[in-house]
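Asks: Following this message is one structure expressed as C-alpha cells.
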Amino acid sequence: MIMNTVRTRLAVATASALLFAGAPAAYATLTDTGTGPAAATAATAPAALTAPTVRGAAYVETRLFFGTERPDGGPAVTDGQFMDFVDRQVTPAFPDGLTVQDGRGQWRDRNGVIERERSYELILLYPVGRAKAADPGIERIRDAYEKEFGQEAVARLDEPTRADF
Numbered sequence: 106m107i108m109n110t111v112r113t114r115l116a117v118a119t120a121s122a123l124l125f126a127g128a129p130a131a132y133a134t135l136t137d138t139g140t141g142p143a144a145a146t147a148a149t150a151p152a153a154l155t156a157p158t159v160r161g162a163a164y165v166e167t168r169l170f171f172g173t174e175r176p177d178g179g180p181a182v183t184d185g186q187f188m189d190f191v192d193r194q195v196t197p198a199f200p201d202g203l204t205v206q207d208g209r210g211q212w213r214d215r216n217g218v219i220e221r222e223r224s225y226e227l228i229l230l231y232p233v234g235r236a237k238a239a240d241p242g243i244e245r246i247r248d249a250y251e252k253e254f255g256q257e258a259v260a261r262l263d264e265p266t267r268a269d270f
C-alpha cells in the first residue's frame with residue numbers, strides 16, 4: 106500500500122513538473138514574433154494554432170449614401186441621372202476605382218417624417234496616406250449631390266481597413 110502511494114505521488118509530481126516546464130513554451134508559440142526557439146516550434150504547429158496572415162496595405166473605406174426621393178416632391182433621381190453624376194463628379198476625383206450598389210433605405214427628414222426610398226451606396230477605397238487629400242473631394246461630391254438633386258443630406262461613413270489588389 107505504501108509503495109502504491111509513493112508511485113502515485115511520484116507520477117503526479119512528474120506530470121506536474123512536465124506541465125509546468127512545457128506551458129511557457131506552448132504559449133510562446135502562440136504569441137511569438139517569429140524569432141528564437143519558439144519560432145521553430147511554431148513552424149511545426151498545426152494550422153489551427155497559427156495566427157492568420159495579415160494581407161494588404163492600410164486603406165480608408167468611405168461609403169456615401171445617396172437618397173433618390175426629392176424633399177420638394179419632384180421626381181426621384183433615376184439610374185441614368187445618378188450614373189451621369191458619378192461620371193461627372195466622382196470619377197474625376199477617384200479615377201482608380203469605385204463601387205456603386207443599389208439599396209433601399211429610410212431616414213427621418215427635417216419635418217420628422219420617416220422617408221423610405223431607393224438609394225445608392227458609393228464605396229471608395231484609398232490609401233491612408235491620401236486620406237487628408239481625399240477629404241475635400243469627398244465633401245465636394247456630397248455638396249454637389251445635395252445641390253443638384255435637392256437633397257437634405259448625403260450620409261458618410263469612414264472606416265479603416267486593409268486592401269490587397
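In terms of this note's numbering, the sequence shown opens at residue 106 and continues consecutively. Where is the CB? At the ideal position from N, CA and C, for every residue including glycine. As the structure is a prediction and not an experimental result, all values here were calculated from the model.
#1: How is LEU230 classed by DSSP in three states: helix, strand or coil?
#2: Would you mind giving the Cβ-Cβ distance between VAL195 and LEU230, rounded to the nearest angstrom? I have them listed as a contact below 8 Å.
#3: Put LEU203 into one of helix, strand or coil per three-state DSSP.
#4: With DSSP as the reference, label ALA249 as helix, strand or coil.
#5: Under the three-state reduction of DSSP, which class applies to PHE270: helix, strand or coil?
#6: Restricting to Cα atoms, I'd like to know which of LYS252, PHE270, PRO197 and VAL159 is closest to THR173.
#7: According to DSSP, what are the bridge partners of PRO265?
#8: Measure the C-alpha to C-alpha separation of GLU220 and THR158 and round it to an integer number of angstroms.
#9: When you compare each of ARG215, VAL191 and PHE254 to ILE243 by their alpha carbons, which one comes out closest?
#10: What residues in its chain sit with their C-beta under 6 Å from that of LEU262, if we drop five residues either side in the sequence?
Replies: The answer reads as follows:
#1: The residue labelled residue 230 in the question sits at position 125 within the sequence shown. Strand.
#2: Mapped onto the sequence shown, residue 195 falls at position 90. Mapped onto the sequence shown, residue 230 falls at position 125. Contact flag wrong, Cβ pair sits at about 13 Å.
#3: Residue 203 sits at position 98 when you count from the first residue of the sequence shown. In this structure, LEU203 counts as coil in the three-state DSSP scheme.
#4: Sequence index remark: in the sequence shown, residue 249 carries index 144 (1-based). In the structure shown, ALA249 sits in a helix (DSSP, three-state: H, G or I).
#5: Along the sequence shown, read from residue 1 onward, the residue named residue 270 stands at position 165. In this structure, PHE270 counts as coil in the three-state DSSP scheme.
#6: In the sequence shown, counting from the first residue as 1, residue 173 sits at position 68. For THR173, the nearest C-alpha among the options comes from LYS252.
#7: Mapped onto the sequence shown, residue 265 falls at position 160. DSSP, once it has assigned bridges, lists VAL165 as partnering PRO265.
#8: Numbered from 1 along the sequence shown, position 115 holds the residue referred to as residue 220. Numbered from 1 along the sequence shown, position 53 holds the residue referred to as residue 158. The alpha-carbon atoms of GLU220 and THR158 are separated by roughly 44 Å.
#9: Residue 243 sits at position 138 when you count from the first residue of the sequence shown. Checked all of ARG215, VAL191 and PHE254; the closest Cα to ILE243 is VAL191.
#10: Locating residue 262 in the sequence shown gives position 157, where the first residue counts as 1. For LEU262, where only same-chain residues beyond five positions count, the Cβ hits under 6 Å are ARG168.
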